[in-house]
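Chemist:
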Amino acid sequence: MTNGPVFLEAFFKYQVRLLTTGDAGFSGPFYYHFLVVLIGCFPASLFIFHSFKKDKTDEPGHEDFRLIMMILMFVVLIIFSIVKTKIVHYSSMTYYPLTFLAAFTAYKLINGKVERIGFIKYSTAIIGVFIGLLLSALSLIGIFKEDIIPYVQDEFVRANLLADSVWFGFEPLIGALLIFVSLYGVYLLNKKQFAKAFVLLYGGTALTLSLMLPLILPQIENYVQGAPVEFYKSLRGKDVYVKSVGFRSYADIYYSDKKKINSASGIGIKHKDIEDFLINGDISKPAYLVTKINEREKWTKIPNLEVMFEKNGFIFMRRRK
47 MTNGPVFLEA FFKYQVRLLT TGDAGFSGPF YYHFLVVLIG CFPASLFIFH
97 SFKKDKTDEP GHEDFRLIMM ILMFVVLIIF SIVKTKIVHY SSMTYYPLTF
147 LAAFTAYKLI NGKVERIGFI KYSTAIIGVF IGLLLSALSL IGIFKEDIIP
197 YVQDEFVRAN LLADSVWFGF EPLIGALLIF VSLYGVYLLN KKQFAKAFVL
247 LYGGTALTLS LMLPLILPQI ENYVQGAPVE FYKSLRGKDV YVKSVGFRSY
297 ADIYYSDKKK INSASGIGIK HKDIEDFLIN GDISKPAYLV TKINEREKWT
347 KIPNLEVMFE KNGFIFMRRR K
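Read in order, the letters of the sequence shown are residues 47 to 367 in the working numbering.
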């Protein structure tokens with residue numbers, strides 16, 4: 047009633063764009079969200095399969111809720127598998143039904159209602175070892191990056207690895223912890239010590255994440271976008287234009303605390319025209335652009351732009367006065 051149909055029209059067009067295109071550069075295969083849920087919700091994702099089969103011994107309330115949770119989980123997975131735009135959190139609605147179904151299986155195991163769990167045991171061991179090795183490998187690359195850099199062919203990745211980082215040396219043990227938890231958890235499942243197995247698997251996974259988030263993830267983040275984030279933060283509170291070009295990122299919006307007046311909508315132009323405006327438009331304040339070094343040929347030859355500096359795979363430019 048206040049704004050007319052403009053918002054509804056834009057909302058509808060946006061949903062159609064998400065459905066039919068890999069919007070904002072985010073696309074992937076049909077099975078993308080199945081992998082996200084399988085790996086990202088480990089080990090709960092592996093215990094859901096026994097809950098799919100109807101059990102005559104289930105109480106009526108349990109059976110109804112189990113069916114509702116299955117419907118919810120598969121509706122979300124199927125819809126966002128069809129949607130062309132693939133972003134990790136799009137399938138986050140599955141986390142609740144998935145963990146319920148996993149808990150339902152755990153309940154049945156502990157109470158002796160499920161006997162054969164060969165698939166669960168083997169897949170827990172395989173995926174747990176895979177994720178553990180991946181975490182350890184990432185840590186080792188960071189710790190021994192000086193020895194690895196000469197063998198890296200990609201110029202951008204090589205420059206990323208030159209970023210300053212702080213490794214204590216014990217980070218590979220975090221991955222080793224998950225490997226131990228997975229294998230010993232499978233051993234307990236084999237011994238039918240289900241309660242202990244669940245405490246170990248879920249507690250060990252939580253501990254692994256609690257160690258990975260503050261110790262490994264910040265270093266990886268520093269490699270892949272530490273330099274631009276530092277630059278954006280230096281512009282916080284300043285009345286300037288700032289934009290990442292040649293690659294998709296929201297970091298320039300978030301870390302610079304960009305005000306609406308310095309965005310495309312605030313300027314009064316379409317989003318697709320913002321780059322041309324910052325390069326060739328009649329601007330009344332400084333404009334800064336950030337791109338990757340593999341986009342050097344395209345952006346550094348523009349007469350209206352001058353390179354300020356390069357750092358860790360990124361080029362920082364500003365509009366000439």
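Using N, Cα and C, we set each Cβ at its ideal position, and we do this for glycine too.
Per DSSP, which one or two residues make a beta bridge with L351?
Modeler: R365
Chemist: Go to K154, then tell me how far its alpha helix (DSSP H) extends in each direction, as first and last residue.
Modeler: 141-156
Chemist: Alpha carbon to alpha carbon, how far is I266 from E161? Give it in angstroms, no decimals.
Modeler: 42 Å
Chemist: What does E356 pair with, by DSSP beta-bridge criteria?
Modeler: I361
Chemist: Can you say whether H96 is buried or exposed, counting buried as having 16 or more other CB atoms within 10 angstroms of its CB?
Modeler: buried
Chemist: In whole angstroms, what is the alpha-carbon distance linking F47 and K191?
Modeler: Note on identity: in this sequence residue 47 is Met, with Phe being the wrong assignment. Between M47 and K191, the C-alpha separation is close to 59 Å.
Chemist: Name, in chain order, the residues that DSSP records as bridge partners for Y287.
Modeler: Y287 is bridged to A333.
Chemist: Is the Cβ-Cβ distance between V353 and D298 less than 8 Å?
Modeler: no
Chemist: Assess contact between the stretch 219-229 and the stretch 168-176, defined as three or more Cβ pairs (one per stretch) separated by less than 8 Å. Is contact present?
Modeler: yes
Chemist: Is L184 near the ligand MN, with its Cβ less than 7 Å from a heavy atom?
Modeler: Among the components of this structure there are no ligands whatsoever, and the ligand MN is therefore not found.
Chemist: Closest to I262 by C-alpha separation, out of L147, L186, G314, G249, would be which residue?
Modeler: L186
Chemist: Determine which residues share a DSSP beta bridge with S73 and list them.
Modeler: T131
Chemist: Which one of P106, F293, F146 has the shortest CA to CA distance from K344?
Modeler: F293
Chemist: Using a 10 Å radius around the Cβ and a threshold of 16 neighbouring Cβ atoms, would you call Y197 buried or exposed?
Modeler: With fewer than 16 other Cβ atoms within 10 Å, it is exposed.
Chemist: For L255 and G327, I'd like the C-alpha separation in whole angstroms.
Modeler: 47 Å
Chemist: From L184 to I117, what distance separates their C-alpha atoms?
Modeler: Roughly 37 Å separates the two Cα atoms.
Chemist: Taking the C-alpha atoms as reference points, what is the distance between L155 and V245?
Modeler: 13 Å
Chemist: Does K318 come out as helix, strand or coil in the three-state DSSP assignment?
Modeler: helix
Chemist: Can you tell me which of T145, Y136, Q271, F93 puts its alpha carbon nearest to the alpha carbon of L235?
Modeler: F93
Chemist: Exposed or buried, L113, counting other C-beta atoms within 10 Å across all chains shown (16 or more means buried)?
Modeler: exposed
Chemist: On the three-pair Cβ rule with 8 Å, is the stretch 264-283 touching the stretch 314-322?
Modeler: no
Chemist: State the CB to CB distance for the pair Y287 and K331, rounded to an integer number of angstroms; the pair is presumed to be in contact (CB under 8 Å).
Modeler: 7 Å
Chemist: Report yes if the C-beta distance between I177 and F88 is below 8 Å; otherwise report no.
Modeler: For I177 and F88, yes; Cβs fall inside 8 Å.
Chemist: For K102, which of helix, strand or coil comes out of DSSP?
Modeler: coil
Chemist: Which of helix, strand or coil does DSSP assign to K279?
Modeler: helix
Chemist: Who are the near neighbours of A273 in its chain, counting only those whose CB is closer than 6 Å to its CB and skipping five residues on each side?
Modeler: K357, N358, F360
Chemist: If I follow the unbroken alpha helix (DSSP H) through N340, where does it start and stop?
Modeler: Per DSSP, N340 belongs to no alpha helix (DSSP H) and is neither H nor E.
Chemist: Going residue by residue through the stretch 165-250, where are the continuous alpha helix (DSSP H) segments of at least 4 residues, counting only ones entirely within it?
Modeler: 191-194, 201-207, 218-236
Chemist: Contact between the stretch 135-145 and the stretch 97-109 is defined here as three or more beta-carbon pairs at a separation below 8 Å; is this criterion met?
Modeler: no
Chemist: So what does DSSP say about V83, is it helix, strand or coil?
Modeler: helix
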